[in-house]
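The working numbering puts the first residue of the sequence shown at 49, with every later residue one more than the last.
Built from N, CA and C at the ideal position, the CB exists for glycine as well.
If you're wondering where the values come from, they're calculated on a predicted model, not measured in any experiment.
These notes are about the structure you will find just below.
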Amino acid sequence: MAAGLRDGGWDGDIALIGAEPERPYERPHLSKGYLAGSVAREKLWLRPAGQYRELRVDLILGTEVVDLGLDRREVVFEGGRTMRWDRLCIAVGSDARRLAGFEDAMYLRDLPQADAVRGEVARRERLEIVGAGFVGCEVAAVAAAQGCEVRVYEALEQPLLRVLGRDLGAYIAEVHRAHGVDLRVGSEPPPRADLVAVGSVPRMEIVADELGRTSHEDVYAAGDVARFYHPLFETHVRVEHFQTSQRQGFATGRAMAGAGQPYGEVPWFWSDQYDLNLQYVGAGLPWDEIVTRGTFGRPPFTVFYLRGGEVVGAAGINDHHTIARTRRVMEARASVSRLQLEDPSFDLRRALV
């Protein structure tokens, strides 16, 4: 979606333009609670419809922008209609990565696709999935819990390898196998599959600063498309998770309104699989050391990822308190020793004093 302050033609002060016909909704539920049937459709919306009117925001939905009109400050819609803007935010998100030869398979990124997957999971006795990333693992967990025979093909040696590492990835694999999932790692995909979940790709990638500003005056970027400068990590990062898109989007909106502060929160996301709640804090940066708090493989426990002795990420299994405190430690740049990280009796909040 693109949002911009503009001058006339509609009733509000801000236009929120999106190609999807539905008003903005939370995507994480699509492969979790909504897919499982525990989250109702009406619980997906980010805001009630009336609140947009109260905030003088015009929702222009089911409409594609074919030209941003950066030079003339005027977007062009499909069909030729135009709208002028004063400031523009590009937040068009990402799409499911397509796999050649699997054009007829299901993909899961938007609400109609979630409805299709939900229907197939409910009626099928067997489901074949390509990809054991977060979406693939979550769909596999929901399908297996509903009595479906599930087979998952993963090209890497373990699920979620790039984010969680080999050991924690292997633990997740064994959890799925214990629930009856036929998980085949290091394998080629079958000739056909029901669902392909091999990651996502940004619809465009835009470099921005810590305020969401791009190199073009009065043009900002937020969410999955933004590779923004993160002052904590001292590098540009792009994070494809709801919480970061939302929070970095809030910061970018404030910057557009003239009240910007650098966005420096540590990214956080979660994944529900069976009775496990996996929470991760960090930006998926490289690490050179791993430290475990608790007994690995026996929840609750947390794996810390360190680089040069500093925590750059952590993944907790049924251990949300540790993850919440780790996030505060990282944002404060507080010093924590390896022994303190390993010791469950050491309250990480003490490192903030």
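Nonlocal neighbours in the same chain, by C-beta distance under 6 Å from residue i, ignoring five residues either side
| i | result |
| --- | --- |
| Val314 | Val329, Arg375, Met378, Glu379 |
| Leu280 | Gly312 |
C-alpha distance - residue i paired with residue j, whole-angstrom precision
| i | j | result |
| --- | --- | --- |
| Cys196 | Tyr322 | 14 Å |
| Leu231 | Leu387 | 35 Å |
| Val169 | Tyr311 | 39 Å |
| Glu70 | Gly110 | 8 Å |
| Gly141 | Arg275 | 12 Å |
| Gly306 | His284 | 23 Å |
| Gly356 | His369 | 25 Å |
| Gly60 | Asp115 | 22 Å |
| Phe394 | Arg104 | 49 Å |
| Leu259 | Phe317 | 21 Å |
| Met49 | Val384 | Here Met49 scores only 44 on pLDDT, less than 50, and its place in the model should not be relied on; the value that follows carries that caveat. Taking the straight line joining both Cα atoms gives about 41 Å. |
Cβ-Cβ distance between residue i and residue j below 7 Å
| i | j | result |
| --- | --- | --- |
| Ala139 | Gly271 | yes |
| Leu326 | Val190 | no |
| Leu333 | Val360 | yes |
| Leu396 | Arg381 | no |
| Ala363 | Leu212 | yes |
| Tyr268 | Thr300 | yes |
| Ile108 | Ala67 | no |
| Val223 | Ser79 | no |
| Ala192 | Val233 | no |
Bridge-paired residues (DSSP) for residue i
| i | result |
| --- | --- |
| Phe352 | Val339, Ala362 |
| Gly66 | Leu109 |
| Tyr414 | Nothing in the structure corresponds to residue 414, since the chain is present only between 49 and 401. |
| Leu404 | Lying outside 49 to 401, the shown extent of the chain, residue 404 is not represented and no answer is given. |
| Val211 | Partner(s): none; Val211 has no beta bridge. |
| Asp143 | Val249 |
| Arg232 | Tyr201 |
Other residues of its chain near residue i: CB distance less than 8 Å, five sequence neighbours each side excluded
| i | result |
| --- | --- |
| Tyr155 | Ala144, Arg146, Gln161, Leu243, Val244, Ala245 |
| Ala153 | Leu147, Val178, Arg240, Ala241, Asp242, Leu243, Val244 |
| Arg75 | Arg157, Asp158, Phe290 |
| Met252 | Ile138, Val140, Val273 |
Other residues of its chain near residue i: CB distance less than 7 Å, five sequence neighbours each side excluded
| i | result |
| --- | --- |
| Pro392 | Arg341, Gly342 |
| Leu389 | Val339, Arg341, Phe352 |
| Gly184 | Ile177, Val200, Ala245 |
Next item on the list: List in chain order: all unbroken alpha helix (DSSP H) runs of 4+ residues lying wholly within the region 247-316.
Entry: 290-304
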